[in-house]
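S.K.:
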Amino acid sequence: MKNRYFLLEEPGKFRLVEEELIPSPEHLVVRISRCGVCTGELMDWYVARKVPYTPGHEIVGEVIEAPPDSPFREGDIVFVHHHAPCMECDYCYRGEYTSCPTWRSSRIYPGGLSNYILVPPEIYNADTFVIPPGVSLDDAALIEPLGCSVKAVRKARISPFDDVAIIGLGFMGLLNARLSSLYARSVVGFDLLENRRRLCLDGWGCDEVYHPDDYDVSRKFQVVIVGPPFEEAIRFALRIADRGSRVILFAPLPPGHNISFEVFNLYFNEISILPSYSAGPDDTRMALRYIESGKVRPSLLITHRFPFHMTPDAYRTAGENPDAIKVMIDIEP
Numbered sequence: 008m009k010n011r012y013f014l015l016e017e018p019g020k021f022r023l024v025e026e027e028l029i030p031s032p033e034h035l036v037v038r039i040s041r042c043g044v045c046t047g048e049l050m051d052w053y054v055a056r057k058v059p060y061t062p063g064h065e066i067v068g069e070v071i072e073a074p075p076d077s078p079f080r081e082g083d084i085v086f087v088h089h090h091a092p093c094m095e096c097d098y099c100y101r102g103e104y105t106s107c108p109t110w111r112s113s114r115i116y117p118g119g120l121s122n123y124i125l126v127p128p129e130i131y132n133a134d135t136f137v138i139p140p141g142v143s144l145d146d147a148a149l150i151e152p153l154g155c156s157v158k159a160v161r162k163a164r165i166s167p168f169d170d171v172a173i174i175g176l177g178f179m180g181l182l183n184a185r186l187s188s189l190y191a192r193s194v195v196g197f198d199l200l201e202n203r204r205r206l207c208l209d210g211w212g213c214d215e216v217y218h219p220d221d222y223d224v225s226r227k228f229q230v231v232i233v234g235p236p237f238e239e240a241i242r243f244a245l246r247i248a249d250r251g252s253r254v255i256l257f258a259p260l261p262p263g264h265n266i267s268f269e270v271f272n273l274y275f276n277e278i279s280i281l282p283s284y285s286a287g288p289d290d291t292r293m294a295l296r297y298i299e300s301g302k303v304r305p306s307l308l309i310t311h312r313f314p315f316h317m318t319p320d321a322y323r324t325a326g327e328n329p330d331a332i333k334v335m336i337d338i339e340p
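Heads up: the sequence shown begins at 8 in my numbering, then just goes up one per residue.
1) Where does M335 fall in DSSP's three states?
2) What residue range does the alpha helix (DSSP H) around T324 cover?
3) Can you look up L144 in the DSSP assignment and give me helix, strand or coil?
4) Opposite C42 in the DSSP bridges: which residues?
5) Locate the alpha helix (DSSP H) running through K302, then write down its first and last residues.
6) Helix or strand or just coil, what does DSSP make of I115?
7) Note down the Cα distance separating F268 from G141, rounded to an integer number of angstroms.
8) May I ask you to report which of helix, strand or coil DSSP gives G154?
9) Could you tell me which of E238, C155 and L182 sits nearest to D209, measuring between CA atoms?
10) Quick one: give me the first and last residue of the beta strand (DSSP E) that R312 is part of.
11) Taking just the CA atoms, how far does E238 sit from L14?
12) What three-state label does DSSP hand N272 in the structure shown?
13) Among the candidates L120, R80, R101 and I130, whose CA atom is the shortest distance from the CA of P92?
14) So, for H345: in the same chain, excluding its five sequence neighbours on each side, which residues have a beta-carbon less than 8 Å away from its beta-carbon?
15) Rounded to the nearest angstrom, what separates V37 and K57 at their Cα positions?
16) Given 8 Å as the limit, is there contact between the stretch 186-193 and the stretch 165-173, that is, 3 or more CB pairs closer than that?
17) Looking at C-alpha atoms only, which residue of Y98, D330 and V171 is the closest neighbour of V254?
18) For G326, would you say it is in contact with chain C, using Cβ-to-Cβ distances shorter than 9 Å as the test?
19) Can you tell me which of the three DSSP states E277 falls into?
20) Quick check: what's the CA-CA separation for F178 versus S306?
21) Flag this pair as yes or no: are the beta carbons of D51 and P18 separated by less than 9 Å?
22) Please list the terminal residues of the continuous beta strand (DSSP E) segment that includes N183.
23) Rank A331, V224 and S300 by C-alpha distance to the C-alpha of R312 and give the top, closest one.
24) When DSSP labels each residue in this structure, what does D249 get in the three-state scheme?
25) Comparing alpha-carbon positions, which option in K9, M8 and C45 lies nearest G326?
26) Is the stretch 230-250 touching the stretch 146-165 in the sense that three or more CB pairs, one from each, lie closer than 8 Å?
27) Which of helix, strand or coil does DSSP assign to I174?
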């Protein structure tokens, strides 16, 4: 079958490729319907380490071909994770799915910005599932990012006695705020942009919002989820962390960028710093349950939509337009 996909040759430079896609008998073939623009794919240093490659992993699509021994059939609408664990190693037994060597090495081909993808057995057996009736294609495409929020909130161990700070109120920050609000005593959001602060107050979980420069840091939080991949954001998170608190690092700094902190303060105040990277099969299934219940509807945060052939414009909008919260790409048949 003829396949078209976008190849990212260097940060910001896309090329449309056409080729014959030849699946093996073991592959699940999925025609992509939607692909969200992930904020992680807007970090130039991050994508520069991977180019050339085809981005896109916030996806949903229709099964076109399925191996007879798979649980899928032609016509199924499916969520597909771009990585999946083996479910049989020590990491998997401990629930540390993103540390599993199979999770790290598995991948879809060529990527979500494509008409069709090939899904290998390790992915369709562990973290691919049929979307139930009533769940929109847009919400289904956003199961993966919501799963990342599910994992972060789970690691934070939020209780009704916790006040939670969400640093950064873009798409992922808003999902983090909404999920946190289901469990916390209160949620306070921080962002440099007024439109994002307003949005979090409008049904996305925040009880209060602040520009970081306007906040009295003597008021502390028991959970801090810091999203922006900047040293200043992490330092601010540590300034507002209470004794016995959990600070969740939701995004990395570039390689070689270090941050110093006073171990004495962390130790005697028992402040835990916990990275939260991607999501595993338990998290994506929980994300679907949140969507089905109506407690979280990530599609409501879609602010911009582009057809497949305008993918470069979609990424440019996501990276440069301050009004863009979530950009969705409709993949043309």
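The beta carbon of each residue, even a glycine, is placed where N, CA and C say it ideally should be. What you are looking at is a predicted structure, and each value in this text was computed from that prediction instead of being measured.
M.R.: Let me spell this out:
1) strand
2) T318 to E327
3) helix
4) I66 and I336
5) Premise fails: K302 is in no alpha helix (DSSP H) and is neither H nor E.
6) coil
7) Cα-Cα distance, rounded: 48 Å.
8) helix
9) L182
10) I309 to P314
11) L14 and E238 have their C-alpha atoms some 31 Å from each other.
12) Helix.
13) I130
14) Past the edges of the chain, shown from 8 to 340, lies residue 345, and the structure says nothing about it.
15) 23 Å
16) yes
17) V171
18) Reference to chain C is not applicable here, since this structure consists of a single protein chain.
19) Here E277 sits in coil by DSSP.
20) For F178 and S306, the gap between their C-alpha atoms comes out near 10 Å.
21) yes
22) Counting along the chain, N183 sits inside no beta strand (DSSP E); it lies in the alpha helix (DSSP H) bounded by residues F178 to S188.
23) A331
24) strand
25) C45
26) yes
27) strand
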